[in-house]
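Heads up: the sequence lines are chains P and Z, in that order.
The numbering of the first sequence is the numbering used here, which starts it at -6 and goes up by one.
The numbering of the second sequence is the numbering used here, which starts it at -6 and goes up by one.
There are 2 protein chains.
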Amino acid sequence: MLMKLDFGSDVPIYQQIRNQIVNAIASEKLLPGDKIPAIRVMADEAGVNMMTVNKAYALLKQEGYIKSERRGGTVVAEEFGKGGLGEGLRERLRVIASEARLAAVSEEEFIKLCGKLYRGEI
Amino acid sequence: MLMKLDFGSDVPIYQQIRNQIVNAIASEKLLPGDKIPAIRVMADEAGVNMMTVNKAYALLKQEGYIKSERRGGTVVAEEFGKGGLGEGLRERLRVIASEARLAAVSEEEFIKLCGKLYRGEI
DNA sequence: TTGCTTGTTATATATGTTATAATACAAAGC
DNA sequence: GCTTTGTATTATAACATATATAACAAGCAA
């Protein structure tokens, strides 16, 4: 599992790891039940501390995206929230829509991009 | 200018202020040339420190959304980036699309929401 | 000129977050 | 028993956030 980390980013490393795993699940590169790398393995591969990966996994677990058992390792959960689009997600999306508009991205262009990203085409 | 701040949020206050101003500009509640409240006034109204508002304004200025002159106060910029959709914006949007998908939000529903937010209808 | 308002800069302080490091523990499978 | 797994603990360093206070610089008006 390749992690592309930007250490100069303002986005924390554990968040970057979390985001990439969420993206991988959504785009079905990771399927329910699939095993994801052990904390120590992932930490070694990514060149970060074990606890940083642990923080990412703890977050993913709390959000319901993954499950882990002592010895069985960590796997992608079988069922997700189905909670619909929460309030936090909507507000984040609102800001992005605003920024896109102010960057002179047309509505058509913006919508097209949203669709492609949703379908995992890009 | 009303600021709704969530002090318990994980989003920093200065970011919340910045976001709400960006939203206001995009939805044309703030027009180019419009004056935005003085740092000290905004700080008073919002119940936060002057330096917190200053940080938000400095960020907005650096991003090109506002301009300020010593005595003239701070105003919404006349022209914006027109830089198209940057890389950072796209990655943020990708994560949101992934989360929406995993929350069982249909593509149609997601696209509809993106459009409404872009047009400032909600 | 004098004084006020404006953004800007600086310093200090407190608190929380992020990331690393090094251990240690508990549970499950071989 | 041994290894592998996630988990928890403690310590430390660096950075971010927010407050508080003060001072500075520029422009406008009385």
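For every residue, glycine included, the Cβ atom is placed at its ideal position computed from N, Cα and C.
Bear in mind that the values here come from a model prediction, so they are computed numbers and not experimental data.
For residue i and residue j, I'd like the C-alpha separation in whole angstroms.
i: residue 79 of chain Z; j: residue 64 of chain P; result: 43 angstroms
i: residue 110 of chain P; j: residue 90 of chain Z; result: 6 angstroms
i: residue 58 of chain P; j: residue 101 of chain Z; result: 23 angstroms
i: residue -3 of chain Z; j: residue 73 of chain P; result: 31 angstroms
i: residue 50 of chain Z; j: residue 7 of chain Z; result: 8 angstroms
i: residue 96 of chain P; j: residue 77 of chain Z; result: 5 angstroms
i: residue 94 of chain P; j: residue 41 of chain Z; result: 29 angstroms
i: residue 112 of chain Z; j: residue 20 of chain Z; result: 7 angstroms
i: residue 18 of chain P; j: residue 38 of chain Z; result: 43 angstroms
i: residue 16 of chain Z; j: residue 98 of chain P; result: 15 angstroms
i: residue 71 of chain Z; j: residue 108 of chain P; result: 31 angstroms
i: residue 28 of chain P; j: residue 9 of chain P; result: 19 angstroms
i: residue 32 of chain P; j: residue 106 of chain P; result: 34 angstroms
i: residue 66 of chain Z; j: residue 1 of chain P; result: 34 angstroms
i: residue 56 of chain P; j: residue 48 of chain Z; result: 31 angstroms
i: residue 5 of chain P; j: residue 24 of chain Z; result: 34 angstroms
i: residue 197 of chain P; j: residue 62 of chain Z; result: Any property of residue 197 of chain P remains undetermined from this structure, which presents chain P solely from -6 to 115.
If you measure from the beta carbon of residue i to each beta carbon in chain P, is any gap under 9 angstroms?
i: residue 87 of chain Z; result: yes
i: residue -2 of chain Z; result: no
i: residue 58 of chain Z; result: yes
Give a yes or no on whether 9 angstroms exceeds the smallest Cβ distance from residue i to chain Z.
i: residue 83 of chain P; result: yes
i: residue 61 of chain P; result: no
i: residue 64 of chain P; result: no
i: residue 41 of chain P; result: no
i: residue 47 of chain P; result: no
i: residue 68 of chain P; result: no
i: residue 10 of chain P; result: no
i: residue 104 of chain P; result: yes
Could you please give me the residues that DSSP links to residue i through a beta bridge?
i: residue 67 of chain P; result: P:29, P:61
Just to make sure I have the definition right: I need the residues of chain P whose C-beta is within less than 7 angstroms of the C-beta of residue i. Which are they?
i: residue 33 of chain Z; result: Residues of chain P passing the Cβ test: none, with the nearest at roughly 26 angstroms.
i: residue 110 of chain Z; result: 86, 87, 90
Using three-state DSSP, classify residue i as helix, strand or coil.
i: residue 51 of chain Z; result: helix
i: residue 109 of chain Z; result: helix
i: residue 92 of chain Z; result: helix
i: residue 40 of chain P; result: coil
i: residue 80 of chain Z; result: helix
i: residue 56 of chain P; result: coil
i: residue 10 of chain P; result: helix
i: residue 4 of chain Z; result: coil
i: residue 73 of chain Z; result: coil
Give me the chain P residues within the contact set of residue i, using Cβ-Cβ distance strictly less than 8 angstroms, ordered along the chain.
i: residue 19 of chain Z; result: 90, 91, 92, 94, 95
Counting only Cβ pairs nearer than 8 angstroms, list the residues of chain Z close to residue i.
i: residue 100 of chain P; result: 108, 111, 112
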